[in-house]
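Worksheet: the structure to be examined is printed underneath.
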Amino acid sequence: MDVSEFRQFARAAVDYVADYLENIRDRPVLPSVEPGYLQELIPREAPQKPEKWQDILADIERVIMPGITHWQSPHFHAYFPAANSYPAIVGEILNTGIACLGFNWAASPACTELEVIVMDWLAKMLGLPKEFLACSGGSGGGVIQGSASESTLVALLAARECRVRKLREEHSDWDAGVIKAKLVAYSSDQSNSSVEKAGVLGSVTLRLLPSDDKCRLRGATLQEAIRSDREKGLIPFYVVATLGTTGTCAFDCLDELGPICNMEGLWMHVDAAYAGSAFICPENRHFMNGLQFADSFCFNPHKWLLVNFECSAMWVKNSSHLVEAFDVDRIYLRHKNQGLAPDYRHWQIPLARRFRSLKLWMVLRSYGVQGLQDYIRHQITLAREFEDLVRGDHRFRVVTEGVLGLVCFRLKGPDQLTKRLHERLMARKKIYVIAATFQDKYIIRFVVCSRVTESRDIAFAWEEIRTEANHVLSDSIDHEARMPPYKKQHATVKAPVSNNIIGPKMNRAHDFESENVPVTKKSRFVHEDMDLRIEVSKETLLPSYSNGMALISTNSNEVKMGHDSSSAVTLIQAEALVLDNSSIKEVQIKRRVGQFLMS
């Protein structure tokens with residue numbers, strides 16, 4: 007291919023990408039292919055002679071696009087965003103065209119120096135402690151890694167070597183291998199899988215500590231783990247704290263963990279892969295209170311800051327720890343200006359590195375700080391729009407506080423309902439969402455991901471979810487109605503306590519045989535967030551139907567359930583009762599199917 011043909015091919019490819027992104031809303035977000043589909047479309051062997059670029063480009067649409075999950079689609083709401091923008095694409099084109107390998111300053115001075123500058127820009131945008139900046143005059147600085155996984159591993163290896171070196175200085179007769187075998191690291195049970203993998207690759211024990219009821223790692227939990235492991239003769243050395251967990255976007259308590267790490271001599275690495283982009287907005291910086299205690303910090307501009315993959319920004323307070331851990335100084339890698347600028351080969355796992363800072367520079371200049379802040383705020387607003395829609399439907403429950411661009415929700419009732427809903431959504435391929443668990447409950451995660459997502463896309467997604475929920479609940483009612491008659495079956499369940507009391511006094515239900523239920527306290531109400539399901543029939547499944555809202559008589563020896571509607575309803579299953587008591591109580595609920603009518 008000569009330069010003239012390259013110009014034609016490249017222009018056609020740019021037009022194709024522009025058309026693809028402009029019309030991506032019209033494509034199904036998920037592919038409809040099975041494993042091995044490409045084997046039937048692509049020859050078994052490479053061509054012996056050159057093919058025309060027109061035919062190659064045509065095959066992108068013919069054979070590649072049918073198997074693509076469209077991460078840039080406004081109907082993509084899974085995982086976290088895979089950022090992209092036109093300036094980033096241009097930066098990537100220039101990067102691959104220049105094709106330099108900036109493993110040290112001499113290999114390509116601009117590659118190194120631009121990275122130092124834009125990483126300081128970015129640190130200032132986020133409001134990071136000045137110790138992380140190269141321009142601070144200290145030993146801190148930033149580096150662009152390929153992913154947060156690499157950042158976590160690099161920090162772990164640096165922390166490991168730092169601890170081994172220090173202990174051998176204090177105990178010269180100690181063997182490095184014996185020390186490493188006793189090292190133990192910590193993170194939350196909500197941290198990303200890459201944290202656990204870093205422990206495997208670093209050949210150290212990594213303990214996943216239990217999070218609290220808000221999915222946060224607390225200081226007391228860490229302190230107890232350190233105490234326990236030291237009693238066993240182990241050597242705690244490294245902690246990964248997460249700001250914005252993958253499952254629910256929870257934030258570990260840095261202001262509790264940090265002082266403990268400093269006091270105990272542990273390296274604290276902070277992983278803010280997704281949430282870090284939001285810190286360019288001052289109103290979100292409270293999430294990183296306590297960051298001043300961290301030794302290293304990373305986030306992924308390629309998740310939410312409109313820079314395409316790969317671009318993981320990592321900062322350290324003391325870069326000498328990285329250099330000492332990764333310094334392999336062969337003669338062919340030396341140059342006369344060593345020490346005057348970073349040699350980034352000492353800050354990472356590979357030797358060679360791409361000119362990643364170029365696309366970050368393009369994005370920061372093209373959007374400006376205000377433009378990026380507006381983008382983040384707009385996406386958060388869209389997430390709150392979706393959250394309001396979920397909260398407005400009595401059949402659903404938002405299970406965690408809505409944070410940034412993520413909303414976690416489920417259908418009220420058994421896990422099976424939410425699971426069926428998710429399965430139906432995946433089968434239809436209109437939107438893409440993934441499942442998770444929260445407090446042992448099956449939930450669905452909804453994330454605002456695409457750069458082009460608008461309010462109409464939020465409305466589209468909600469209509470799809472709402473419609474499929476109608477089918478799931480309708481099918482559930484039909485299934486329960488076909489159950490055999492009640493035969494001495496019961497379940498013991500627990501329910502939380504609420505101070506909410508359901509208001510107006512209701513008439514006693516007709517055609518409903520009361521069942522005696524053993525209780526220790528007088529029952530006053532059923533909380534609307536309980537997993538109590540009182541389903542209406544298909545014909546009366548209306549928005550006004552108050553799912554899960556029922557009255558219980560104040561007779562402590564008997565529980566009667568009513569419904570705040572004049573419609574005929576079916577009592578499908580009572581899963582929990584809330585007692586008028588300050589603590590959770592166990593209640594036995596007999597299961598039956600019956601009809602009752604409120605007059």
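Add 6 to the 1-based position in the sequence shown for my numbering, that's all there is to it. We put the beta carbon where it would ideally sit given N, CA and C, even for glycine. Model, not experiment: these values are computed from the prediction.
Thinking just about the alpha-carbon of each residue, which of the options is nearest to the one in residue i?
i           : options            : result
residue 450 : 435, 254, 400      : 254
residue 75  : 121, 26, 60        : 26
residue 236 : 382, 38, 188, 204  : 188
residue 69  : 46, 18, 447        : 46
residue 82  : 443, 442, 472, 431 : 431
residue 221 : 230, 13, 252, 173  : 252
residue 224 : 360, 54, 403, 194  : 194
residue 33  : 362, 67, 44, 428   : 67
residue 329 : 163, 186, 454, 292 : 163
residue 455 : 471, 211, 84       : 84
residue 216 : 205, 229, 175, 452 : 229
residue 62  : 127, 19, 335       : 19
residue 186 : 202, 176, 208, 219 : 208
residue 482 : 459, 315, 417      : 417
residue 286 : 373, 478, 40       : 373
residue 89  : 473, 458, 129, 425 : 458
Between residue i and residue j, is the Cβ-Cβ spacing less than 8 Å?
i           : j           : result
residue 149 : residue 354 : yes
residue 116 : residue 107 : no
residue 31  : residue 72  : no
residue 438 : residue 35  : yes
residue 190 : residue 213 : yes
residue 297 : residue 303 : yes
residue 640 : residue 468 : Past the edges of the chain, shown from 7 to 605, lies residue 640, and the structure says nothing about it.
residue 369 : residue 93  : yes
residue 109 : residue 366 : no
residue 111 : residue 118 : yes
residue 331 : residue 401 : no
residue 382 : residue 284 : yes
residue 392 : residue 405 : no
residue 308 : residue 333 : no
residue 192 : residue 231 : yes
residue 120 : residue 363 : yes
residue 306 : residue 204 : no
residue 470 : residue 436 : yes
residue 361 : residue 123 : no
residue 267 : residue 299 : yes
Buried or exposed: which applies to residue i, given that a residue is buried once 16 or more other Cβ atoms fall within 10 Å of its Cβ?
i           : result
residue 506 : Residue placement at residue 506 cannot be trusted, given a pLDDT of 34 that sits under 50; the coordinates are not used to answer.
residue 48  : exposed
residue 445 : exposed
residue 376 : exposed
residue 319 : buried
residue 655 : This structure gives no information on residue 655, because the portion of the chain shown stretches from 7 to 605.
residue 125 : buried
residue 42  : exposed
residue 21  : exposed
residue 233 : exposed
residue 8   : exposed
residue 275 : buried
residue 169 : buried
residue 387 : exposed
residue 50  : exposed
residue 398 : exposed
residue 238 : exposed
residue 440 : exposed
residue 340 : exposed
residue 64  : exposed
residue 443 : exposed
residue 78  : buried
residue 24  : exposed
Give a single yes or no on whether residue i has its beta carbon closer than 7 Å to a heavy atom of the ligand SAM.
i           : result
residue 175 : The ligand SAM is absent from the structure shown, which contains no ligand whatsoever.
**Contiguous alpha helix (DSSP H) assignments of at least 4 residues, all confined to the stretch 137-184** = 154-176
**Message:** If we require 4 or more residues per run, which alpha helix (DSSP H) segments fall completely within the stretch 330-397?
**Reply:** 363-397
**Request:** Inspect the CB distances between the stretch 416-425 and the stretch 456-466 and report whether three or more fall short of 8 Å.
**Result:** no
**Message:** Taking 8 Å as the cut-off, does the stretch 310-326 touch the stretch 144-160 (at least 3 CB pairs, one atom from each stretch)?
**Reply:** yes
**Prompt:** Would the stretch 180-188 and the stretch 133-140 be scored as touching if the rule is three or more Cβ pairs under 8 Å?
**Reply:** no
**Prompt:** Touch check for the stretch 89-105 and the stretch 244-263: three-plus C-beta pairs under 8 Å?
**Reply:** no
**Asked** How do the stretch 187-202 and the stretch 152-169 stand: do at least 3 beta-carbon pairs fall below 8 Å, yes or no?
**Response** yes
**Asked** Touching or not, the stretch 239-256 and the stretch 270-278, by the rule of three or more beta carbon pairs under 8 Å?
**Response** yes
**Asked** Where are the alpha helix (DSSP H) runs, 4 residues long or more, that stay fully inside the stretch 195-249, in chain order?
**Response** 199-207, 225-237
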